[in-house]
Amino acid sequence: MASPNKLVDHLPRDFRKVALGAILVRMAMYWCLPGLVEVLQQRIEWVTPLTSYKRLTEGLFLYRSGIDPYDGNQYFQPALYLPLFQTLAWFPTVVTFAFFVLLDVLVAWQLYQLALTKFGRRDSSSFAEDQNLKVTPAAVAACYLWNPLTILSTLSQATSLVNTLAVVCALRHGLQGQRSYAMVWLAVATYISFYPVMLLVPLVFMSSGNQPLQLGNLVPCLKVFALTMVTLLSASYLLTLSPQLLSSTYGVIFTVTDLTPNLGVFWYFFIEMFDHFRAFFLIAFQLHTFIFAVPISIRFRHQPLFASILLLGIITLFKSYPSVSDMVLYLALLPLYHEIFKYMRYSFLLVNAMIYALVLAPLFWHLWIYQGSGNANFFYAATLVYAAFQIFLIIDLTQSQLRRDLERDCPAVRSKILMQE
Amino acid sequence: MDNKYLKRLRRTEKIQTVLAKVQQHISLLSYILLVVAFLWLLTFPSIYYSKKTYISENALLPNQAILQYETHQAQSAYQHMHALQAHQSSEQALRYVQRVLEETGLRTETQSFNYTDPLSGRLRTGNNLHGIMYAPQGDTTEALVLAAEWSSGDGLLDDIHQQHEEGGIRRNINGVAQLLSLAQHFRTLNHWSKDLIFLVVEQGQIGAEMWLRGYHGNDYPYAAPIRLRSGAIQGALALDLPAGESYSGLGAFFAGKNGQLPNLDLLNILARITQKLDVPWTLQHITRRTAPLLSAHRQDISDTGNWGMLWQHYCDATRTLVGTMSAQASGITVGIHGPFHRFRIDAVTLQAQVATAEDPISMRFHFAEVGKVVESTFHSLSNLLEHFHQSFFFYLLPSPWQYISIADFSPPILIMAAALLCSALASWWAATEEDSTDASSSTEDSKHEDSVLFDRAEKQFTRRITTYLAFWSKFPQVQRLLWTCYGGLGTVLYLLPWALANWCGTMTDSCTLQDNASWWLWGSVSIVVGGLAVLGSQCPPQCDTRLLRTCVLLIVMLATTAVSVMNFSLALVLALLLCPPMVFLPTGHSASTISSATVGGCQLRRMVLTVWLMIISPPMLVYFMHRFTALPLPQLLGRILVEYDLFGAWIYPLIGFVYWPTLVLALIILWR
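Okay, structure coming up:
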């Protein structure tokens, strides 16, 4: 084991600069603005019932008292969080926050590695103009660490950060061709929030060097994935011995039993729903989310990293308990594909829609919950703006990538296609 | 090349020419939208634009109960009035009120509070007293409040100022006396289904806020908690009866803090009750010279003599709208109902107008009629089955009998936002489409039409790439400027008064409000001027003002629309002040295209806009407000700060973080 000092020395200088500043900003905000932290921990835009740190402390308390943590219908997070955060709880609370900051930096480091791999492997048929805009791996890390949304997300101490780290690690190892690492990390992400299972096929493509999908590639991957999942789940069961282990985690994700409003599309619909239609629409909604994995994995089989980004966008949009922290992960991966930005047609609209959604959501929430002059429809309208922004972003990214592929593969049609806009 | 494809190319070409036309004339479009918005606003006071009010909550049943507050009961109010006049000190008066309430059989509690004025650092102390009458037929889960403060009129005014104006503090002895007699009267009635809380507060709105915080259990360092409580408060009336032999009118003051309004149903039942009881009813004492409903005139416009009537209505409605909307925008209004709205309690202050010699005897009234109005209103409120809801919180009132709903009053502000968007797009396109002129010059080569089209498409593509790269080369500087201005300058402006108060507290003991106010005013002006000078000189020459202008306009648009959902009046003021100069701001230019030829024509425009921006700068606005409201400047500034510090109104941070930095950036764009 290398000593910490040596480890820091190994980090590239540009990354160190970015990370150090980010750590300082986060710690300073934590010390100077305790009110902001407290508010953020309860904002439904940042924190969902599945990622709330407050609910985690509730689960911890039950766990420590020897009661099933899933009793009381408050704690819906994976059981393995409990020993982890219990260890942290021995120290002052700032240590827990420092742990979140550390996770953030680790995510940034994985992004750095991801960018290094991706930019190093530039395909020969790239256009000359791709090279003009210099995006360094450190810039990609900075885009994540210095994004104001990321900073607020860290301050809210949403436990989705662990999920973010797992996904980014899986992508990095996948891109570097380390198949079993990628599968282990994917299994961890799946264990935490289940939706990342959609990334399975793109990751298999990625880690096997873009070879066509064969049983020979798929089976070992699935083996590792299944083995890790089984290990994690059985460890969870041994830890809690809770019969509600599955129903309180995946059950809540799938059947949306906690209807706390969030930025997603589920809560409003299922508040209004008659009970006898509930099962049908649940299946329809969830199937609708997962079905996207198939066409995207097929269409972008030669760019599995891009397929993963799109799927993360779909997850952010359609998962049952989305929050801004999901969007942060998705936005952090976009600079990896900066070469398609110039094909994007709605960038002006997209930036504005995002800002409006993020400003209107707390305003309408205030009108509804505190002031009482508005109602649920107000906030739902804001979530629709948010969803529209996500949809436009996904559509725009997809068409940009397809356009770029076409132009690269058949330069002759380049101008013809251009005219069709 | 097949024919079908060429056809498609031609069609897209056509679409693009149309698009180009739109791009060319987008500034004109923004001017037109601005004019449309202004004209639309002018239709608001028209009788044809607003709808008749109606009572949406059927349970309220106004005017259904037989009223029992008669002259006999009013006699007790006179007795209390005389007794209170005899007690000179506020301590004695408070004891008297407490004794009367307890003799009536109510449990009472006194709450003391102190609040440090943020600007002067002065301590304001006071005592609130309330008594609770538990409902004979209820389960004490809901309550109604009848409140009065000791001083009449504007409770937040500084005492010195009031003495200066009136030759002594205007006391609301009549209001407290009326409250006591009503408490005694309500005690004899046995059909209340909600608890009745009788509240007497000191220090006006500050006292009311402290009482509400204590009642709702907010642990707040200034206010002591209240132990004697009832259930959730459903509605509140505040009485403000200035000293006088008789009254000639009852005015409703209803605008709350940060643009909150009470449910329209509360105002509707009051309008109906006062009409039945023949009590002249106004909004904020703005008199009306036309019949309340004007139904006949509405149907028959061609009637001769009708036009004069309509014009009169239009003028009255304009005055009412301006009065009520400026109260909503600023939060500066008479009465102690304001803080109640923040706790989801619908409240109104009823202020009586003292009759003068000109008022006819038949129109005059005193305790008996006011008592009847309150009794009838409380009957209706007691009927409420659930909290006021009915989506009746967004309205504008051109008269007590007409309202403009949200669907009708929001279009002008949305149109203004659209004007800003068009204007922003104009400079966005100007900034991103650099060399589009040479593309059109090559069209004369008509013999190979398709190849020309392809050439153009190719050019378009390369242009897109160059503009994309150009954008990324220009944007960081613009972004830095925006952060410094909105973030840095905004924070400094925002924190200045607190820093001043802090500094004053440590340096000297004898800091007056006047000193601090002038320090604040001159300090912020010099900070802004300094910031302008620094930013103007430090602004790198290659900074693209067109991009900067786009961002600033979008920020103004965001601020206006976001504020409009919370406080429409404030958003309208913001839009009216900022939109025209922002839209008329020249589209800007890149550093390379500054030519001396165009400067001559622009100079006049620049001068006019600069003067315009100076006129709408916050110090000038404060001065205008001072002239308009006749409040002394220090009090006005202190008031704006209290509104934010205690009541959470947005007007102060809005000025610091958005309004002033926007003006600074506009000047930079203008003179760059």
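Residue numbers (the numbering used here), protein chains in the order written: chain W, 1093 to 1513; chain G, 7 to 678.
Yeah, the Cβ is synthetic: ideal placement off N, Cα and C, and Gly gets one too.
These numbers come from a predicted model, not from an experiment.
Exercise for the section: Would you list, in chain order, the members of the region 566 to 582 of chain G that have their beta-carbon closer than 7 Å to a beta-carbon of chain W? Expected result: 568, 571, 572
Problem - Cα-Cα separation between residue 555 of chain G and residue 385 of chain G, rounded to whole angstroms - result: 57 Å
Handout entry: Where residue 1427 of chain W falls: helix, strand or coil (DSSP)
Key = helix
Exercise for the section: Evaluate residue 1380 of chain W with the Cβ neighbour count: other Cβ atoms within 10 Å of its Cβ, from every protein chain shown; 16 or more gives buried, anything less gives exposed. Expected result: exposed
Practice task
Can you give me the start and stop residues for the beta strand (DSSP E) that residue 154 of chain G sits inside?
Solution key: 148 to 155
Handout entry: Whole-angstrom distance between residue 377 of chain G and residue 75 of chain G, CA atom to CA atom
Key = 6 Å
Practice task
Provide the residue span of the beta strand (DSSP E) that contains residue 139 of chain G, from first to last.
Solution key: 129 to 139
Handout entry: Burial state of residue 166 of chain G, where buried means 16 or more other Cβ atoms lie within 10 Å
Key = With a pLDDT of 40 at residue 166 of chain G, under the threshold of 50, the modelled position of this residue cannot be trusted, and the question is left open.
Exercise for the section: Using a threshold of 8 Å, state whether the C-beta atoms of residue 1263 of chain W and residue 1195 of chain W are closer than that. Expected result: no
Practice task
Report the rounded CA-to-CA distance for residue 1288 of chain W versus residue 199 of chain G, giving the unit in angstroms.
Solution key: 56 Å
Practice task
Check whether the region 147 to 161 of chain G touches the region 38 to 57 of chain G, taking contact to mean three or more Cβ pairs, one atom from each stretch, closer than 8 Å.
Solution key: no
Practice task
Evaluate the contact criterion for the region 634 to 650 of chain G versus the region 563 to 578 of chain G: three or more CB pairs, one atom per stretch, below 8 Å.
Solution key: no
Practice task
Identify, in the order they occur along the chain, each residue of the same chain with its Cβ nearer than 7 Å to the Cβ of residue 1278 of chain W, setting aside the five sequence neighbours on each side.
Solution key: 1262, 1288, 1291, 1292, 1295, 1317
Exercise for the section: Compute the Euclidean distance between the alpha carbons of residue 20 of chain G and residue 1353 of chain W, then round it to the nearest angstrom. Expected result: 47 Å
Problem - Option nearest residue 66 of chain G by Cα separation, candidates G/471, G/241, G/495 - result: G/241
Practice task
Starting from residue 352 of chain G, trace the alpha helix (DSSP H) both ways and give me its first and last residue.
Solution key: Per DSSP, residue 352 of chain G belongs to no alpha helix (DSSP H); it is in the beta strand (DSSP E), 352 to 360.
Practice task
State the start and end residues of the unbroken alpha helix (DSSP H) segment that holds residue 1113 of chain W.
Solution key: 1105 to 1124
Problem - Coil, strand or helix - residue 1444 of chain W by DSSP - result: helix
Practice task
Would you mind reading off the limits of the beta strand (DSSP E) that contains residue 490 of chain G?
Solution key: Here residue 490 of chain G belongs to no beta strand (DSSP E), and DSSP marks it neither H nor E.
Practice task
Classify residue 59 of chain G as buried or exposed, calling it buried when 16 or more other Cβ atoms lie within 10 Å of its own Cβ.
Solution key: buried
Problem - Per-residue burial, residue 1170 of chain W [other beta carbons within 10 Å of its own, 16 or more giving buried] - result: buried
Exercise for the section: Evaluate the contact criterion for the region 1360 to 1380 of chain W versus the region 1264 to 1272 of chain W: three or more CB pairs, one atom per stretch, below 8 Å. Expected result: no
Problem - Residues bridged to residue 371 of chain G (per DSSP) - result: G/253
Handout entry: Which of helix, strand or coil DSSP assigns to residue 638 of chain G
Key = coil
Practice task
State yes or no: is the beta carbon of residue 399 of chain G nearer than 8 Å to at least one beta carbon in chain W?
Solution key: yes
Exercise for the section: With a 10 Å radius around its C-beta and 16 neighbouring C-beta atoms as the bar for buried, classify residue 1313 of chain W as buried or exposed. Expected result: buried
Problem - 4-residue-minimum alpha helix (DSSP H) runs that sit fully inside the region 1249 to 1330 of chain W, ordered along the chain - result: 1252 to 1267, 1271 to 1285, 1292 to 1299
Handout entry: Rounded straight-line distance, which links the Cα of residue 535 of chain G to that of residue 1446 of chain W
Key = 34 Å
Practice task
Check distances from the C-beta atoms of the region 1448 to 1466 of chain W to those of chain G and list, in chain order, the residues that come in under 9 Å.
Solution key: 1448, 1451, 1452, 1455, 1456, 1458, 1459, 1462, 1463, 1464, 1465, 1466
Problem - Residues that residue 287 of chain G bridges to, as DSSP identifies them - result: G/256
Problem - Cβ-Cβ distance between residue 1187 of chain W and residue 1257 of chain W below 8 Å - result: no
Practice task
Closer than 9 Å by beta-carbon distance: list the chain W residues that pair up with residue 434 of chain G, in chain order.
Solution key: 1440
Handout entry: Beta-bridge partners of residue 244 of chain G, as assigned by DSSP
Key = G/153, G/355
Practice task
From the DSSP output, read off the bridge partner residues of residue 71 of chain G.
Solution key: DSSP lists no partner for residue 71 of chain G.
Handout entry: Neighbourhood of residue 327 of chain G by C-beta distance below 7 Å, restricted to the same chain and skipping five residues each side
Key = 50, 51, 402, 404
Exercise for the section: Can you pull the chain W residues whose beta carbon is under 7 Å from the beta carbon of residue 470 of chain G, in chain order? Expected result: 1434
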